[in-house]
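The sequence shown begins at 76 in my numbering and counts up one residue at a time. Cβ atoms here follow ideal geometry from the backbone N, Cα and C, with glycine treated the same way. Quick notes on the structure that follows.
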Amino acid sequence: MNREKRIDPFAPHSIGKLHLKNRFALAPMTRISASIDGIPSEKMLQYYKSFAEGGFGLIITEGTYIDDKYSQTYQYQPGIVFEKHIEGWKKIQEAIHESGAKAIMQIQHSGALSQGNYYSTKTIAPSAIKPLGKQLEFYHGKGEYQTPSEATLSEIEQIKSAFVKAAINAQKAGFDGVEIHGANGYFLDQFLSSYTNLRTDQYGGSFENRVRLLTEVIKDVRENVKPEFIVGIRISQGKVNDYHHKWEGINEAEIIFNELTGAGIDYLHITEFNAALPAFNQKQPDDERVPSLALLAKKITGLPILSNGSIDSIESVNHMLNSEESDFVTIGKAALANHNFPILLKNRQETQQFDSEKILRPFADLKDFEYSNN
Ligand SMILES: Cc1cc2nc3c(=O)[nH]c(=O)nc-3n(C[C@H](O)[C@H](O)[C@H](O)COP(=O)(O)O)c2cc1C
């Protein structure tokens, strides 16, 4: 490690024109605590505010659904479709900003993984393939997923428009940007993976075709929001219903990263189970160490990289920043256990272990202690 280039995780840094007070971001985490029709609640406001007060420079919200058709993934998930949603999020954004952090909304379409949609019982996906695995019980799911219908080209157009509308609504609500959810097995990721995408049109087949919809969504969103409004994307190999899925090696990663960069994205949010580990098992021709997915993304794109996955100590934060693998770290479970994670690390204080039983069971909704003086 080059000592002269040591990065201070507590010093300011920017994504495009968005100035952030440090390198710590809250990872997006669905907590099913909106009203049944998707209005963000007062407890969500207190919950998000506590992370901003706890020293996070950036808050990325939970995945938020984008239309009143098939995008909603979980019951009590918030939406960004109607005026009532915009109003609710406006208050949350204000509370985050007043506490000194910036706010990016994650916008999401569930595709085949929907398991609680207020507006529809049908699901749609690139192809009519029943998802692997079982529905998530802590989000009120039960049993197997249903088999989705194959999205028609006009439905795909509608979904692209819905992403644009959602971004415009997030901008209206006062957010600094949006993060398009292209990860974890949801709709856009279902296009990326060959086993969930059997299409024979322009959206299926080659790597370039499978990443096409992601690039079209990015371009359309970019064109319809203000230039300074941040448009990021989150991508991953693993999925909520298939943790161990891997892309087809560095070749596929290169195509994906190049296409996303060409579409005009402001940042890439890379999530892996452990951000620092080699991305693939494959050996390099010159037998070098296989890079982490974040490092690969950084080398190929030169874009701001947000890294996520098992970053839960000052050592892992420093590693991800100083090894030039990422520009920001996003913290998930360690943040749930310590809403003031950046402050604790800065003061070299002890952090609490994440207790999934206490926080996410029986259901993943917000618990009293998470929105009242954590
Ligand atoms: C309760 C919970 C909800 C999550 N919801 C989302 C989500 O809405 N969108 C998303 O992209 N990732 C979601 N994730 C994944 C996290 O953002 C993160 O990738 C994961 O927790 C691994 O990071 P960590 O090791 O820091 O916890 C969720 C994770 C948890 C624990």
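Residue i in three-state terms, based on DSSP
i	result
Glu432	helix
Ala100	strand
Val53	The first residue shown for the chain is 76 and the last is 449, placing residue 53 beyond what the model contains.
Lys117	Note on identity: in this sequence residue 117 is Glu, with Lys being the wrong assignment. The answer is helix: DSSP assigns Glu117 an H, G or I state.
Asp317	strand
Gln424	coil
His94	strand
Ile111	coil
Ala328	helix
Asn77	For Asn77, the pLDDT reaches just 45, beneath the cut-off of 50, and the residue's location in the model is therefore unreliable, leaving the point undetermined.
Ala450	Because the chain spans 76 through 449 in this model, residue 450 falls outside it and cannot be assessed.
Thr290	helix
Val404	strand
Glu323	coil
Leu228	helix
Ser89	strand
Ser125	helix
Leu419	helix
Leu411	helix
Close Cβ partners of residue i (< 7 Å) along its chain, the five nearest in sequence each way excluded
i	result
Met76	With a pLDDT of only 45 at Met76, under the threshold of 50, the placement of this residue in the model should not be trusted, and no figure is reported.
Ser108	Ser116, Lys118, Met119, Tyr151, Asp440 and Leu441
Val239	Asp295, Val296 and Asn299
Asp142	Val156 and Ala237
Ile112	Note that residue 112 corresponds to Asp in the displayed sequence, not to Ile. Once the five neighbours on either side are set aside, the close Cβ partners of Asp112 are Tyr193.
Glu230	Ile199
Asn422	none
CB contact flag (residue i, residue j, <7 Å)
i	j	result
Val286	Ile331	yes
Met395	Ile386	yes
Asp341	Ile90	yes
Ser311	Thr346	yes
Ile135	Glu254	yes
Asp251	Ala176	no
Gly464	His256	Residue 464 lies beyond the range of the chain shown here (76 to 449); nothing can be said about it.
Gln277	Pro201	no
Leu101	Ala351	no
Thr148	Ser174	no
Gln183	Tyr261	yes
Gly132	Lys92	no
Gln181	Thr198	no
Val365	Pro379	no
Ala412	Gln427	yes
Tyr122	Ile171	no
Thr405	Thr376	no
Phe99	Pro302	no
Gly154	Tyr145	no
Ile293	Ala338	yes
Other residues of its chain near residue i: CB distance less than 6 Å, five sequence neighbours each side excluded
i	result
Gly279	Asn272
Asn449	For Asn449, the predicted structure reports a pLDDT of 45, less than 50, and the residue's modelled location is therefore unreliable. A value from the coordinates is still provided. Within the same chain, Asn449 has close Cβ partners Ser125 and His414.
Ala226	Ile199
Tyr194	Asp143
Leu263	Gly257 and Leu289
Ile161	Asn244, Lys247 and Ala248
Trp164	Pro115 and Ala248
Val315	Asn259 and Gly260
Ser401	Ala369, Ile380, Ser382 and Met395
Phe403	Arg98, Ala100 and Leu381
Other residues of its chain near residue i: CB distance less than 8 Å, five sequence neighbours each side excluded
i	result
Arg78	Note on Arg78: pLDDT 48, under 50, position unreliable in the model; the coordinate value appears next. Answer for Arg78: no residue qualifies.
Phe213	Leu435, Arg436, Pro437, Phe438 and Ala439
Glu283	Ile330 and Glu334
Glu327	Phe282
Asn349	Gly384 and Ser385
Leu228	Asp276
Closer than 7 Å to chain C by CB, residue i
i	result
Tyr140	The structure shown has no chain C; it contains just one protein chain.
Three CB pairs or more closer than 8 Å across the region 124-131 and the region 194-211: no
Residue ranges of each alpha helix (DSSP H) within the region 233-285, 4 or longer: 262-267
Complete alpha helix (DSSP H) runs within the region 335-395 (minimum length 4 residues, chain order): 368-376
Any 3 or more C-beta pairs closer than 8 Å across the region 312-323 and the region 369-380: no
In chain order, each alpha helix (DSSP H) run of at least 4 residues that lies wholly inside the region 135-219: 158-173
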